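Engineer: First the structure, then my questions, so here it is.
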Amino acid sequence: MGVGLRWRGFDRDQIAKGITAPILLLHGDHDPVSPIEDAQSVCDAAPNAALCVIDGAGHNNLWVDPIYREQSRDAVVGFMKRCSAPEPHTAAHAQP
Numbered sequence: 000m001g002v003g004l005r006w007r008g009f010d011r012d013q014i015a016k017g018i019t020a021p022i023l024l025l026h027g028d029h030d031p032v033s034p035i036e037d038a039q040s041v042c043d044a045a046p047n048a049a050l051c052v053i054d055g056a057g058h059n060n061l062w063v064d065p066i067y068r069e070q071s072r073d074a075v076v077g078f079m080k081r082c083s084a085p086e087p088h089t090a091a092h093a094q095p
């Protein structure tokens, strides 16, 4: 776990385990503040999470650098589409 919140005793993985809503984690693979392993750990702990690693991005430039912003936007749009897609109907629930 990164130093940022560890010193307060904040257990991100434990909290993530209790979140049932879909979670998208965006993480730059050149983040000098929070190691990629932290994001992977939270993703593994959460029951419904996805991790999108942005190649070359750091900690604070996912939304300000045009290249990373486009990748981040595409990841969020795709995630939102998957989250809002209707559940497939089973034969028992199919409409005539």
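For the record, in the sequence shown the residue sitting at position 39 is 38 according to numbering that gives the first Met the number 0, with numbers rising by one throughout. From the three backbone atoms N, C-alpha and C, an ideal C-beta is built for every residue, glycine too. For clarity, every value in this text was computed on a predicted model and none was experimentally measured.
1) Could you tell me which residues DSSP pairs with Ile22 in its beta bridges?
2) Does DSSP put Ala93 in a helix, in a strand, or in coil?
3) Tell me, please, whether the region 55 to 72 touches the region 37 to 46 by the rule of three or more beta-carbon pairs shorter than 8 Å.
4) Where do the ends of the alpha helix (DSSP H) carrying Asp12 lie?
5) Can we count Ser71 as close to the ligand GTP, meaning its CB is less than 7 Å from some heavy atom?
6) Along the chain, where does the alpha helix (DSSP H) that runs through Asp64 open and close?
7) Can you have a look at Gln70 and say buried or exposed, based on whether 16 or more other CB atoms are within 10 angstroms of its CB?
8) Does His26 pass the burial test, meaning 16 or more other C-beta atoms within 10 Å, or should it be called exposed?
Structural biologist: Short version:
1) Ala48
2) Because the pLDDT of Ala93 is 49, which lies under 50, any placement of that residue in the model is unreliable, and the number read from its coordinates should be weighed accordingly. Looking at Ala93 - three-state DSSP - the assignment turns out to be coil, as it is neither helix nor strand.
3) no
4) Arg11 to Lys16
5) Of ligands this structure carries none, so the ligand GTP is not represented either.
6) Element bounds for Asp64: n/a, residue is neither H nor E.
7) buried
8) buried
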